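Just so we're aligned, residue 1 is where the sequence shown starts under UniProt numbering, counting upward by one. These notes are about the structure you will find just below.
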Amino acid sequence: MFIVTNREVDETKTTVKDAFKSYPNACGPNELRLAEAVRDGKEWRIRILPDEISDEMAAEVGLTHEVDPDTGEKKPLYASAYVARRIVERVNPKMLGGKPKGKGKGRQKGRNLVFFVHGFNNNVQAVLDRAEEIEETYGVEVLPFTWPANGGGVKGVVSYLSDKRDALASTGALDRCLGKLEDILNRIHEEHVKRVEALANARYANKDKPGQIDAEQWDLFFTKESQKWCPFNVSIMLHSMGNYLFKHLLKSSVYRGNRLLFDNVLMVAADANNENHAEWVGRIQCRGRIYITINERDSALLASRMKVGEQQQARLGHYPYKLDCPQAVYVDFTNQPHVGSEHAYFEGGALKNAKVKAFFDEAFNGNYAETGLAFDIGRNMYGLN
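Okay, structure coming up:
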């Protein structure tokens, strides 16, 4: 599993506790690093990736350096290019000429990608454990972004307010992270197009006229193959205070709102104000749906509302009123069997409820998850009943 962070890292360490720190990167909270995490029993082994990858790493994924025509020197290859190739290998190996591993929902066989932003008081171990459970439960590839949500090393109200400050400080990092994700997806798309073009060139070269192409047949083949092997669905899941971070990015001057990165946007148990949420949720762009999930009995959000601070109004993830964003699809999980007062009802015991599992299975995989659900026109939200 790959992970993106604006935490301070120690490249010499290989354990979660030692490799990731509980405070922002020393170069500033907008500095990003990529790492690879591999499960080792109950622990995770960590490899912090260098900003510029080595020749050995490039060869590992079939990358070659471009050469500067003016100086003759090799152009550097960055960790994002390495991660792009590795993600392709996992979600859709056919794009690189390989064979798909397993079956997933969405546009083709393979796996879909979920970008995951966690919430309050999560250390990296917890983030990786949760991301792994999402992968195993829903058959997706998860790319987590972890910000310094450690509560400042203290508990209670002070911890909560410390994380809110860290979330605000991490808005620029999240924007840069979305930029890196865009770069990764662009690289994947470019590789896909090159491969399909090569197939079309090989198949429809005009044998009677060397160097020429049967253009009409080439175009038909290219279009068909491009659609047939469309890469994969990409969704974002923001949990709890991760929504507060996303909210402030959407409202900030650094946000580049023209990015159309995601099929679905899942705002789960959002620890952000319900009041005026339509103003910033309305800025989100996606190809599919913006889902806002609600559980009135969510114990974490009820506790959040009682925290010290004048801004602690009704939380978006537990308040079933003023649901007035035209772009959003609101889904109510209140009183569902096995959900109870859960805050993370996409995992654990809540999945004993087949309706809950089915909703998140569709949503994580970029599909229309509200199909077949009952709609309450009076409150503008769907219910699982």
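Just so you know, even glycine gets a beta-carbon here, dropped at the ideal spot from N, CA and C. In this text, all values refer to a predicted model and were calculated from it rather than measured experimentally.
Whole angstroms is fine: what's the gap from residue i's alpha carbon to residue j's?
i	j	result
F246	L238	8 Å
S54	Y244	37 Å
A81	F375	44 Å
L63	E347	37 Å
F262	G288	8 Å
F232	F222	18 Å
R315	L266	16 Å
R7	E136	26 Å
A200	A215	10 Å
N380	V281	16 Å
P144	I213	44 Å
A37	D129	11 Å
V91	T171	28 Å
E182	E66	21 Å
D219	H189	18 Å
I377	A84	43 Å
M57	D68	20 Å
S240	K75	41 Å
H248	G139	31 Å
N30	A205	49 Å
R187	N365	21 Å
K357	L178	27 Å
L323	N276	10 Å
N122	A354	27 Å
Starting from residue i and walking both ways along the alpha helix (DSSP H), at which residues does that stretch end?
i	result
A270	Premise fails: A270 is in no alpha helix (DSSP H) and is neither H nor E.
A173	T171 to Y204
M241	M241 to L250
I134	V124 to Y138
I3	Note, I3: premise wrong, no alpha helix (DSSP H); beta strand (DSSP E) at F2 to T5.
V254	It is not in any alpha helix (DSSP H) - V254 carries neither H nor E in the DSSP assignment.
H318	Unbroken run through H318: none, as it is neither H nor E.
A303	S299 to R305
H277	H277 to V281
For the putative contact between residue i and residue j, defined by C-beta atoms under 8 Å, what is the C-beta separation to the nearest angstrom?
i	j	result
L32	A173	6 Å
D175	V254	5 Å
Y345	N273	Not a contact, Cβ separation roughly 21 Å.
L21	V9	A small correction: the amino acid at residue 21 is Lys; Leu does not occupy that position in the sequence shown. Their Cβ separation, rounded to whole angstroms, is 7 Å, which keeps K21 and V9 in contact under 8 Å.
I46	T15	6 Å
A79	D51	6 Å
H343	L384	So it is not a contact: roughly 17 Å between Cβ atoms.
W147	A167	7 Å
S304	S341	That belief does not hold up - the Cβ atoms of S304 and S341 are roughly 13 Å apart, past 8 Å.
E133	L113	Between L113 and E133 the Cβ distance is about 16 Å, and since that is not below 8 Å, they are no contact.
A270	G317	4 Å
Y368	V331	That pair is no contact at about 12 Å.
According to DSSP, simplified to helix, strand and coil, what is residue i?
i	result
E36	strand
K21	strand
F115	strand
R287	coil
Y345	coil
T223	helix
F364	helix
V16	helix
S235	strand
E31	coil
Y82	helix
E370	coil
I294	strand
L266	strand
F359	helix
I377	coil
V9	strand
Give the range of the beta strand (DSSP E) segment to which residue i is assigned.
i	result
L143	E141 to T146
V329	A328 to D332
G383	M381 to G383
Any heavy atom of the ligand FMN closer than 8 Å to the beta-carbon of residue i?
i	result
Y23	Within the structure as shown, the ligand FMN is missing, as the structure has no ligands at all.
> In chain order, which beta strand (DSSP E) runs of at least 3 residues are fully inside the segment 35–74?
Replying inline: Secondary structure remark: continuous beta strand (DSSP E) runs of at least 3 residues inside the segment 35–74, in chain order: 43–48.
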